[in-house]
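Contents: one structure, followed by commentary.
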Amino acid sequence: MQHRHKGKVYFTGFILMSLMLALPLVYFLSRDSHKVVATDSKTGTDQATINVGTSWTDTDGNTIQAHGGGFLQQTDTDGSPIYYWVGEDKSTNSANFNGVRLYSSKDLIHWQNRGQILKSDAVEGLKDCKIERPKLLYNAKSGKYVLWAHWEDASGYSSSQIMVATSDTVDGQYQFLGHWRPGADASHRNWRDLGNGDIHFEDGTKIDNVDDTSVWGYGSRDLTVFQDGDKAYLVSAENGLTMRFYELNDTYTDVDQSAMPSYELFTGGRREAPALVKSGQYYFMITSAQSGWYPNQTRYAYTKNLADPNGWSTTKGTDGGVLPSGLLGNNTTFYSQPTNIMTITGSATTSYIYMGDRWNPNALGDSQYIWLPISISGQNTDKPSMNLNYTSQWSFDAATGSVSDPNADQLLSQGKPATTDTAFATTGSYALSAANDGSYTSSTTTGDNSDYFKPLPQGTDVTNSETVAKTNATAPFTYTVDLTKKADLSRIDLSFRSYNGSECYYQYTVETSLDNEHWTTVADESDNTTVGFKSDQLKGTGRYVRVNVKNVINDHNKKAASWAAGLVEVQVYGKTNDSGSGSSSSENTSSGTSSSSSSSSSASNEASVSSDTTVASGSESSLSESSSKASDASTGKLPATGETVTVLAVLSGLTVLAGAGAWFLTKRH
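Numbering-wise, UniProt numbering puts 209 at position 209 of the sequence shown, and it's gapless, one number per residue.
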């Protein structure tokens, strides 16, 4: 009895020891959920995989706080590239300044926290303020690192200034040089506008007005800096209407109007959030529209000469403003706002990464980072272009510069027959076919999107385009697409209608079927509160895919807003199953909740329309269609669940070890 009792004690002890060993390993392996690292069997180099739309953590397991960030690439002491990332520390969930934080990485995946390089209590000018979109330059002439950012008094956005700080080392405490409007002279700096008529210098001296740009300079809000050889430039939103472009002085600590007179850019276009990159003969600039913390359509422009005010590619907006000529991404830029374009120059190729912020206005510290491959083509022709597509996961190799989609599945839904349980138009900007015609952009910059499927109340005269335009949408509603073949499904991307100033979130479910009668729920977003764009992973086999929109809620006031309902684009991804289209519900292998009867939209009461509209020249085709489709076995890439598999393997191994140890000790005693 004593021996058996002692065996139980030893067995229990080994179980506890195993758990103690396993828990730290589980924690370690589950950190950095935004990335997976594998080795490419062909090149022998590390393949870093980005999981888009997840929380990002540093090498200590803490949430990365580098919002609105800027990036600097240098050569490390061992001769390899090293990347620095500066950004806003919003861990307090406040828009007010809480410090600028620095991170470093050798592979753009594992980020080490180097601490706050600018603190909110350092000097008077850093107290009671907002500091946004920090950017970092290195000036070889002075040997200093130069930090730029947008500066405002904490009360609002009336000051519209820049701030500059310098340091001899990248992670040193930066010397704050002050805050002022670009172009201001030395005696018209370090002042605040509280927005209520109270304008004063930091020492309290009152100021009547700051209207004379020859001494006070030009307003400056969202900004970026861009280095090209030994020259550097500033571009910022001068006000709510216009941007302005400047050249910096030799030390990169101020603008230099004598070197190049500053000039207006996108006059009346209401642009902000600029980011620049050079590729081939062209400089490209991307910007967003203005919608507070909410996402909108990104645009791009290009030029061969940064000093030429008239060299940028532009177009006229519907309100007469000057806009960048090209559209980038979808109508909400996949719920993000641009902050940077990173150039990865490797041994094999040069790639570009779009870097954006997915702002969470209710908890700014939880805002996410959206990094996606951005393609540039025609950069040595007279018709250059940029393209940005969404993928939930992608891989890149910082050494070779290569970018790939490890799970490149086919876009199955574009141009396929679609049905709905509401009234709908068959032609025009609000037709049912607009939801899978391959176009998810919006040409408008304010108010409503330009093209989307609008679900209409039954009885609406859908043959009258004016009536369709004026009639409010209705919700709930369904949208069903017939893929025409049975397919193994992997993902659905939903670009929702987004009305500027009344941005909404959609609460919905996704169902699949083989026969259009028996349905299985494969995604449940009934509690969704994310506006504009959603991507859901799917599993199983199906031919019909149905989106059941239950509620449309205005995120500003949390009230129902069925009038704002609409689908800009529905994209279903997977791999076709050529064994047949399937007709029996028993063949439905989708993983989810099954229903033996059709939901609110039975096939018998749905009207149908088949869309054969595709995007001209394929400019909006899916990234996954053009990406490499090499299998995991041939590339050596880890699956998305690689970390989970590793954790389970560790736990299983420790459990076996514990059992063996317990058996041995039981026998011994």
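Don't be surprised by glycine CBs; every beta carbon is placed ideally from N, CA and C. Quick caveat, the model's predicted, so the values are computed rather than measured.
Can you tell me which of the three DSSP states G582 falls into?
Reading the sequence shown from its first residue, position 582 is the one you call residue 582. A caution first: G582 carries a pLDDT of 45, below 50, which makes its placement in the model unreliable, though a value can still be read off. Three-state DSSP puts G582 in coil, outside helix and strand.
In chain order, what residues of the same chain have a beta carbon less than 8 angstroms from the beta carbon of G346, not counting five sequence neighbours either side?
Residue mapping note: residue 346 aligns to position 346 of the sequence shown, counting from 1. The residues are D397, A398, A399, T400, G401, S402.
Pick helix, strand or coil for G356, following the three-state DSSP scheme.
Along the sequence shown, read from residue 1 onward, the residue named residue 356 stands at position 356. If DSSP states are grouped into helix, strand and coil, G356 belongs with the strands.
Please determine, among N51, S55, A66, P324, the residue with the shortest C-alpha to C-alpha distance to T339.
For the purposes of this step, residue 339 is taken as residue 339 along the sequence shown, with counting starting at 1. Each of N51, S55, A66, P324 was checked against the Cα of T339, and the nearest Cα belongs to A66.
List the DSSP bridge partners of W180.
Your numbering for residue 180 matches position 180 in the sequence shown. According to DSSP, W180 bridges with I162.
For W293, the nearest candidate out of L306, D256, Q337 (CA to CA):
Residue mapping note: residue 293 aligns to position 293 of the sequence shown, counting from 1. If we check each option's Cα against that of W293, Q337 comes out closest.
Just grab the DSSP bridge partners of K119 for me.
Residue 119 sits at position 119 when you count from the first residue of the sequence shown. The partner list for K119 (beta bridge, DSSP) is empty, contrary to what the question assumes.
Do the segment 450-461 and the segment 505-515 make contact, defined as three or more Cβ pairs closer than 8 angstroms?
Touching, no.
Please state the DSSP three-state secondary structure of L538.
Against the sequence shown, residue 538 aligns to sequence position 538. DSSP places L538 in coil when its eight states are reduced to three.
At 4 residues or longer, what runs of the alpha helix (DSSP H) sit wholly inside the segment 255-343?
Segments of the alpha helix (DSSP H) lying fully in the segment 255-343: there are none.
Could you pull out every unbroken beta strand (DSSP E) segment of at least 3 residues lying fully inside the segment 483-516, listed in chain order?
Within the segment 483-516, the complete beta strand (DSSP E) runs of at least 3 residues fall at 504-513.
Relative to the C-alpha of F533, which residue among H518, D493, N551 is closest?
Position 533 of the sequence shown, counted from the start, is the residue given in the question as residue 533. The candidate whose alpha carbon is nearest that of F533 is D493.
Got a sec? Which residues, its chain only, sit under 6 angstroms from S597 by beta carbon, not counting five neighbours each side?
Here residue 597 is taken as the residue at index 597 of the sequence shown, counted from 1. Unreliable positioning characterises S597 in this predicted model, as indicated by a pLDDT of 45, which lies under 50. The coordinate reading is nonetheless provided below. If you ignore the 5 residues before and after S597, its C-beta comes within less than 6 angstroms of no other C-beta in its own chain.
Thinking just about the alpha-carbon of each residue, which of D524, F453, E247, S236 is nearest to the one in V468?
Along the sequence shown, read from residue 1 onward, the residue named residue 468 stands at position 468. It is F453.
When you compare only the Cα positions, how much space is there between L102 and W519?
By 1-based counting over the sequence shown, the position of residue 102 is 102. By 1-based counting over the sequence shown, the position of residue 519 is 519. Cα-Cα distance, rounded: 50 angstroms.
Restricting to Cα atoms, I'd like to know which of D203, D222, W111 is closest to M163.
As a working note, residue 163 is residue 163 in the sequence shown. The shortest C-alpha separation from M163 is found at D222.
From this set, Q393, S395, L411, S465, which residue's C-alpha is nearest T426's C-alpha?
Here the question's residue 426 lines up with position 426 in the sequence shown. Nearest option by C-alpha distance: S465.
What do you get for E238, buried or exposed, if any count of 16 or more other CB atoms within 10 angstroms of its CB means buried?
What you label residue 238 is simply residue 238 of the sequence shown in a count that begins at 1. E238 comes out buried.
Assigned exposure category for A348 - 16 Cβ within 10 Å defines buried
Translated into the one-based positions of the sequence shown, residue 348 becomes position 348. Looking at its Cβ environment, which holds fewer than 16 other Cβ atoms inside 10 Å, A348 is exposed.
Out of D193, L241, L276, S214, which one is the CA nearest neighbour of Y233?
To locate residue 233, count along the sequence shown from 1; it is residue 233. Among D193, L241, L276, S214, the Cα nearest to that of Y233 is on L276.
Would DSSP call K454 helix, strand or coil?
Position 454 of the sequence shown holds residue 454. Coil, per DSSP.
Would you report the Cα separation of N249 and S291, rounded to the nearest angstrom?
Taking the sequence shown and counting its residues from 1, the one referred to as residue 249 is at position 249. Taking the sequence shown and counting its residues from 1, the one referred to as residue 291 is at position 291. Rounded to the nearest whole angstrom, the C-alpha separation of N249 and S291 is 33 angstroms.
Suppose you measure from the CA of E88 to the CA of W563; what does that come to, to the nearest Å?
One-based indexing of the sequence shown puts residue 88 at position 88. One-based indexing of the sequence shown puts residue 563 at position 563. Going by the C-alpha atoms only, they are around 37 angstroms apart.
Where W111 sits in the DSSP three-state scheme
For the purposes of this step, residue 111 is taken as the residue at position 111 of the sequence shown. In the structure shown, W111 sits in coil (DSSP, three-state: anything other than H, G, I, E or B).
Identified DSSP bridge partners for A423
If you number the sequence shown from 1, residue 423 lands on position 423. Beta-bridge analysis with DSSP links A423 to L456.
Find out if the Cβ-Cβ distance for the pair S325, A301 is shorter than 7 angstroms.
Taking the sequence shown and counting its residues from 1, one reaches residue 325 at position 325. Taking the sequence shown and counting its residues from 1, one reaches residue 301 at position 301. Closer than 7 angstroms, so yes.
Which residue or residues does DSSP assign as beta-bridge partners of K130?
Numbered from its first residue, the sequence shown carries residue 130 at position 130. In the DSSP secondary-structure assignment, K130 is bridged to E152.
Are R244 and Y218 touching if we call contact CB-CB under 7 angstroms?
Against the sequence shown, residue 244 aligns to sequence position 244. Against the sequence shown, residue 218 aligns to sequence position 218. When the beta-carbon positions are compared, R244 and Y218 come within less than 7 angstroms of each other.
Under the DSSP definition of a beta bridge, which residues are partnered with R221?
Walking along the sequence shown from the start, residue 221 turns up at place 221. Bridge partners of R221 according to DSSP: none are assigned.
Can you give me the C-alpha to C-alpha distance between L147 and T314, rounded to a whole angstrom?
Locating residue 147 in the sequence shown gives position 147, where the first residue counts as 1. Locating residue 314 in the sequence shown gives position 314, where the first residue counts as 1. Answer to the nearest angstrom: the Cα atoms are 30 angstroms apart.
Apart from the five residues on each side of it in sequence, which residues of its chain come closer than 6 angstroms, Cβ to Cβ, to K383?
Taking the sequence shown and counting its residues from 1, one reaches residue 383 at position 383. None.
Below 8 angstroms, how does it come out for the segment 534-550 and the segment 362-380: are there three or more Cβ pairs, yes or no?
The segment 534-550 makes no contact with the segment 362-380, as fewer than three CB pairs between them are under 8 angstroms.
So, helix, strand or coil for Y103, using DSSP?
Translated into positions along the sequence shown, residue 103 becomes position 103. Y103: strand per DSSP, three-state reduction.
Is it a yes or a no for the segment 163-174 touching the segment 118-138, going by three-plus beta-carbon pairs under 8 angstroms?
Segment contact: the segment 163-174 against the segment 118-138, three or more CB-CB distances shorter than 8 angstroms; contact assigned.
If you check the beta carbons only, do G61 and P134 fall under 7 angstroms apart?
For the purposes of this step, residue 61 is taken as residue 61 along the sequence shown, with counting starting at 1. For the purposes of this step, residue 134 is taken as residue 134 along the sequence shown, with counting starting at 1. Cβ distance not < 7 angstroms, so G61 and P134 don't count as in contact.
How many whole angstroms separate the CB atoms of A565 and V549, which I take to be in contact at a CB cut-off of 8 angstroms?
What you label residue 565 is simply residue 565 of the sequence shown in a count that begins at 1. What you label residue 549 is simply residue 549 of the sequence shown in a count that begins at 1. Contact holds; Cβ gap of about 7 angstroms.
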